[in-house]
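Under the working numbering, the first residue of the sequence shown is numbered 53, with each subsequent residue one higher. Glycine included, every Cβ here is placed at the ideal spot set by N, Cα and C. Shown next, in structure tokens, is the structure this report addresses.
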Amino acid sequence: MTPSPAARADVLRRQIEDAGKAYHERDEQLIPDVEYDLLVRELEAIEQAHPELAAADSPTRQVGGKASSRFAEVRHAVPMLSLGNAFSDEEVQDFVRRIGERLRRSTLHFSAEPKLDGLAISLRYENGRFVQGATRGDGATGEDVSANLRQISVIPQALNGEGWPEVLEVRGEVYMARADFEAYNADARLHDGKVLANPRNAAAGSLRQLDPKMSAKRKLSFYAYGIGQVDGGELPPTHSATLAQLRAWGFPVSDLCQVVEGADGLLAYYRDIGERRDGLAFDIDGVVYKLDDRAGQEQMGFVARAPRWAIAHKFPAQEQTTTVEAIEIQIGRTGAATPVARLAPVAVAGVIVSNATLHNADQIARLDVRVGDTVIVRRAGDVIPEVVSVIADRRPAGTTPWQMPSQCPVCGSEIVREEGEAAWRCSGELSCPAQRKEAIAHFASRRAMDIDGLGGKYIETLVDAGIVRGVSDLYRLQRDQLLQLKLVLDAESPEALASQIGLHLPPEGSGDYLRGILRLDGTDEAWRAQALAMPATFAWNTKKIATKWADNLIAAIDASRTTTLERLLFALGIEHVGESTAKALATWFGDLELIRHLPWPLFKRVPDIGGEVARSLGHFFEQAGNQEAIDALLQVGQVRISDVHPPIAKLREGLDFAQLLVEAEIPGITRLRAEKLVAMLPDAASVLDAEPVRFVAAGLPNEVAMGLADWLDSEGHGPMLLKGEAYRQKLLALAPEQADQVAGPLDGQTAVLTGTLTQMNRDEAKARLEALGAKVAGSVSKKTSFVVAGAEAGSKLTKAQELGVPVWDEDQLIAFLAKH
53 MTPSPAARAD VLRRQIEDAG KAYHERDEQL IPDVEYDLLV RELEAIEQAH
103 PELAAADSPT RQVGGKASSR FAEVRHAVPM LSLGNAFSDE EVQDFVRRIG
153 ERLRRSTLHF SAEPKLDGLA ISLRYENGRF VQGATRGDGA TGEDVSANLR
203 QISVIPQALN GEGWPEVLEV RGEVYMARAD FEAYNADARL HDGKVLANPR
253 NAAAGSLRQL DPKMSAKRKL SFYAYGIGQV DGGELPPTHS ATLAQLRAWG
303 FPVSDLCQVV EGADGLLAYY RDIGERRDGL AFDIDGVVYK LDDRAGQEQM
353 GFVARAPRWA IAHKFPAQEQ TTTVEAIEIQ IGRTGAATPV ARLAPVAVAG
403 VIVSNATLHN ADQIARLDVR VGDTVIVRRA GDVIPEVVSV IADRRPAGTT
453 PWQMPSQCPV CGSEIVREEG EAAWRCSGEL SCPAQRKEAI AHFASRRAMD
503 IDGLGGKYIE TLVDAGIVRG VSDLYRLQRD QLLQLKLVLD AESPEALASQ
553 IGLHLPPEGS GDYLRGILRL DGTDEAWRAQ ALAMPATFAW NTKKIATKWA
603 DNLIAAIDAS RTTTLERLLF ALGIEHVGES TAKALATWFG DLELIRHLPW
653 PLFKRVPDIG GEVARSLGHF FEQAGNQEAI DALLQVGQVR ISDVHPPIAK
703 LREGLDFAQL LVEAEIPGIT RLRAEKLVAM LPDAASVLDA EPVRFVAAGL
753 PNEVAMGLAD WLDSEGHGPM LLKGEAYRQK LLALAPEQAD QVAGPLDGQT
803 AVLTGTLTQM NRDEAKARLE ALGAKVAGSV SKKTSFVVAG AEAGSKLTKA
853 QELGVPVWDE DQLIAFLAKH
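Structural data, given as structure tokens:
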């Protein structure tokens with residue numbers, strides 16, 4: 053049953069008032085702007101058709117929202133009105149036509165300006181000094197936000213030049229630039245702070261902070277676009293000249309303001325700004341047209357809440373409502389697990405959107421996005437669409453909060469989150485197809501396996517073609533595949549590839565292959581990978597193709613087959629394991645077969661490896677796919693480790709069961725408590741079999757004893773403790789009781805290299821110092837033993853001098869190395 057006009061008008065008024073109150077008074081957006089505009093238009097149409105329904109307090113006649121009681125009220129001497137809207141070329145043409153007919157002019161000039169999506173304010177100056185600033189409020193009364201406006205550096209506190217009126221009110225827009233908005237939200241996500249919905253809300257919310265310091269933290273900007281009260285002076289006769297005068301007095305005015313003629317000029321400006329919109333430093337939701345001469349403005353006058361001489365021409369909405377059909381996890385090239393909302397398709401800013409990023413699990417929790425929710429989706433330029441907010445009133449019954457899955461949807465490895473980090477990661481670095489290209493590029497890099505010549509484009513195409521599915525496949529590459537790859541990458545189309553590759557095929561049997569190449573769709577980005585995956589027999593014409601690079605690459609791959617444990621560990625790409633950590637692991641444990649099976653608490657026996665790095669190592673080696681990738685690498689003919697050795701004697705120090713309990717990070721278990729526990733329960737099996745009362749009898753406080761029992765019952769902890777005890781015993785059996793080598797002259801010392809060395813490169817100097825027992829660090833601290841400073845040494849040298857750290861020049865380094 054269709055509701056009556058009166059009933060429908062009542063519904064529309066409630067919806068408009070609720071949305072307007074939230075937007076103007078609480079800086080919340082219940083519905084997108086486009087929905088709000090459509091509701092207002094529908095109500096206007098009903099009131100025009102049924103004048104008896106057009107109440108004086110109708111939202112169609114109101115401006116903004118009520119001023120907040122938290123701030124002092126400011127009564128505007130000249131009301132701050134809103135603007136009527138145009139959504140089509142025809143409405144703009146009607147706007148120009150109405151002005152021309154009323155003023156009886158055939159030629160009209162307009163000031164065309166961007167419509168910033170921020171918060172309208174009025175700035176009052178008396179005798180050239182800023183005395184008060186206020187929000188628009190309901191148009192007649194606003195909020196006194198002077199203290200917050202003083203935090204915006206571009207708003208002048210005193211006017212430049214001379215000739216300003218005794219009283220001057222400048223109207224304009226406070227906004228937050230896109231870069232500042234993104235930077236603020238990135239910092240908020242990192243520190244678990246409040247993420248702002250959009251730049252408009254950010255600007256409005258900042259000005260309504262009771263503490264001005266909060267406004268200062270959010271970098272706000274301002275553009276002047278008009279005037280209010282003017283006493284004791286005169287301004288130029290046109291709006292454009294007035295803006296120029298305001299700029300001379302020190303106010304920022306948009307460089308995009310332009311004077312145009314007639315409807316054609318307005319529409320050309322609209323299209324030009326529309327094309328440039330995505331590249332602007334700030335958000336705009338349309339453009340504003342104002343009759344340029346002030347005398348004409350006075351003749352045109354006003355309607356209920358808007359001037360007749362100005363109008364806002366809105367762009368297609370960058371925000372729309374839609375429903376969440378699913379929330380899935382997308383694994384990035386580095387393993388980052390990003391939640392993505394699968395949406396009911398909706399047109400946003402002229403593009404059909406069916407997916408939107410949710411950034412991370414914390415963002416989902418803050419927004420409380422659930423499958424089935426109606427959400428506001430925003431898209432600006434080339435930025436990936438994002439979910440801005442949930443319309444809670446439209447949530448269906450029976451929805452449940454979303455949770456991050458425990459396993460990677462691509463490879464099945466565990467999804468982990470490091471303590472204090474916002475992002476979750478797939479821990480299947482080597483085995484996860486989503487991370488394959490990044491893992492291979494790192495594996496082949498100079499400081500890892502050093503496969504010179506294997507660039508990113510080659511890796512991309514080899515992986516896309518399915519020829520390289522993991523790092524071990526690099527050692528199966530053949531010269532023919534590399535030469536074919538070069539031709540494929542160099543060709544601009546399948547036809548061009550067929551022409552070039554035909555020069556290197558035997559006369560017989562190549563027709564089917566070439567016809568297959570020509571059938572590929574050159575507009576499909578995957579055609580190169582498809583071409584590379586097609587098998588062929590080649591008879592290379594070396595006069596038509598360079599082959600030395602391929603021979604060199606095969607030689608580089610072969611050279612990397614024999615490597616050190618340090619390089620291989622770094623090449624595996626384990627999260628948090630850099631060159632220094634890889635070297636420490638190789639030095640202390642000496643054998644990949646041992647390292648890859650160790651429970652994570654035992655990694656903490658190595659100096660400088662803490663819980664975060666140890667857990668990362670444990671997660672990596674716990675993934676079956678990573679172990680399979682290592683197995684494939686170590687197959688006969690693949691990779692050989694040249695420096696396998698037993699664990700070093702130092703590893704024995706502190707390697708007792710009590711320390712294992714401490715390293716396992718059991719809540720409340722200190723070294724002293726662990727020693728008391730081990731005195732009664734000397735091994736992992738006896739701890740696992742004991743009741744909590746035995747823990748108390750051993751001297752643990754009751755709450756610590758109960759916490760230990762809960763920890764042992766948690767999934768995986770008991771088996772991990774048993775395995776840790778077994779490997780602790782194994783390490784004690786493998787490590788010699790005494791070191792069989794004399795400590796180096798730099799044993800226990802920390803060195804830092806800075807500047808340019810001329811007689812050897814930095815890598816060689818680092819290796820020589822480490823061979824003598826030194827640890828080479830990347831930064832200078834009080835613990836630094838000495839700094840080696842080459843030419844053009846910078847801040848590290850300065851800091852060493854400030855801290856009184858000894859500084860060697862290159863000659864001293866060379867002399868020391870020669871002596872030892």
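Residue i beta carbon near the ligand PLP (any heavy atom closer than 6 Å)
| i | result |
| --- | --- |
| Val183 | Among the components modelled here there is no ligand, and therefore nothing to report on the ligand PLP. |
Between the CA atoms of residue j and residue i - distance to the nearest angstrom
| i | j | result |
| --- | --- | --- |
| Gly768 | Pro651 | 11 Å |
| Gln811 | Thr836 | 23 Å |
| Pro368 | Ile83 | 15 Å |
| Leu91 | Ala71 | 10 Å |
| Asp232 | Phe274 | 13 Å |
| Glu99 | Lys366 | 23 Å |
| Tyr691 | Ile700 | Sequence check: residue 691 is Val here, not Tyr. Their Cα atoms are separated by approximately 24 Å. |
| Asp62 | Thr54 | 14 Å |
| Ala591 | Leu557 | 5 Å |
| Lys848 | Ala787 | 38 Å |
| Asp762 | Leu259 | 49 Å |
| Leu764 | Lys656 | 20 Å |
| Ala608 | Ser694 | 17 Å |
| Gly480 | Met732 | 40 Å |
| Asp799 | Glu822 | 9 Å |
| Lys271 | Ile204 | 8 Å |
Within-7 Å CB hit, residue i to chain B
| i | result |
| --- | --- |
| Arg223 | The structure shown has no chain B; it contains just one protein chain. |
Sequence-distant residues of its chain with Cβ nearer than 7 Å to residue i (five each side left out)
| i | result |
| --- | --- |
| Ile4 | Since the displayed the chain opens at 53 and closes at 872, residue 4 lies outside it and no answer follows. |
| Asp573 | Trp579 |
| Ala417 | none |
From the options, residue whose alpha carbon lies closest to that of residue i
| i | options | result |
| --- | --- | --- |
| Ala255 | Arg667, Val832, Lys728, Gly170 | Gly170 |
| Asp564 | Thr589, Ala493, Thr616, Asn200 | Thr589 |
| Cys460 | Pro453, Trp454, Val468 | Val468 |
| Leu646 | Ser766, Pro208, Leu783 | Leu783 |
| Ala88 | Glu371, His628, Leu168 | In the sequence as displayed, the identity of residue 88 is Tyr instead of Ala. Cα-wise, what sits closest to Tyr88 is Glu371. |
| Ala776 | Thr802, Leu713, Leu298, Asp741 | Residue 776 is actually Gly in this sequence, not Ala. Answer by Cα proximity: Leu713. |
| Leu133 | Val355, Leu764, Arg814, Gly720 | Val355 |
| Pro359 | Tyr341, Arg667, Thr599 | Tyr341 |
| Thr808 | Glu844, Arg657, Gly670, Pro289 | Glu844 |
Spatial neighbours of residue i in its chain, beta-carbon cut-off 6 Å, leaving aside the 5 residues before and after
| i | result |
| --- | --- |
| Ala119 | The predicted position of Ala119 is uncertain, since its pLDDT is 46 and thus under 50; a value taken from the coordinates is nonetheless stated next. The answer, listed in chain order, is Glu125, Gly189, Thr193, Gly194, Glu195. |
| Ala829 | Thr802, Val804 |
| Arg361 | It is Trp, not Arg, that sits at residue 361 in the sequence shown. Leu343, Gln349, Met352, listed in sequence order. |
Residue span of the alpha helix (DSSP H) that contains residue i, given as start and end
| i | result |
| --- | --- |
| Lys366 | No alpha helix (DSSP H) holds Lys366; the beta strand (DSSP E) holding it covers 362–366. |
| Trp601 | 600–611 |
| Thr187 | Where Thr187 is concerned, there is no enclosing alpha helix (DSSP H), although the beta strand (DSSP E) it sits in stretches over 181–187. |
| Lys827 | First-last for Lys827: 827–829, but that is the beta strand (DSSP E), not the alpha helix (DSSP H). |
| Asp875 | Residue 875 cannot be examined here, being either before or after the span of the chain that is shown, 53 to 872. |
| Asp762 | 754–765 |
| Gly507 | Run containing Gly507: none; DSSP gives neither H nor E here. |
Beta-carbon contacts of residue i that lie in its chain and below 8 Å, excluding the five residues immediately before and after
| i | result |
| --- | --- |
| Ala333 | Ala229, Arg230, Ala231 |
| Asn896 | Outside the displayed range of the chain (53 to 872) lies residue 896, so it cannot be described from this structure. |
| Val219 | Arg176, Tyr177, Glu178, Gln281, Val282, Asp283, Gly284 |
| Leu526 | Ile492, Phe495, Ala496, Ile503, Leu506, Val520, Ile609 |
| Leu740 | Leu764, Gly770, Leu773, Leu774 |
| Glu789 | Ala701, Arg704 |
Counterpart residues of residue i in DSSP-defined beta bridges
| i | result |
| --- | --- |
| Val376 | Leu395 |
| Glu195 | Glu125 |
| Asp141 | DSSP, once it has assigned bridges, lists no residue as partnering Asp141. |
| Asn200 | According to DSSP, which records beta bridges pairwise, Asn200 is partnered with nothing at all. |
| Gly224 | Ile173, Ala276 |
| Leu168 | Ile336 |
Residue i, enclosing beta strand (DSSP E) - first and last residue
| i | result |
| --- | --- |
| Asn253 | Premise fails: Asn253 lies in the alpha helix (DSSP H), 251–259, not in any beta strand (DSSP E). |
| Gly338 | 336–343 |
| Phe838 | 838–841 |
| Ser406 | 403–409 |
| Glu313 | 310–313 |
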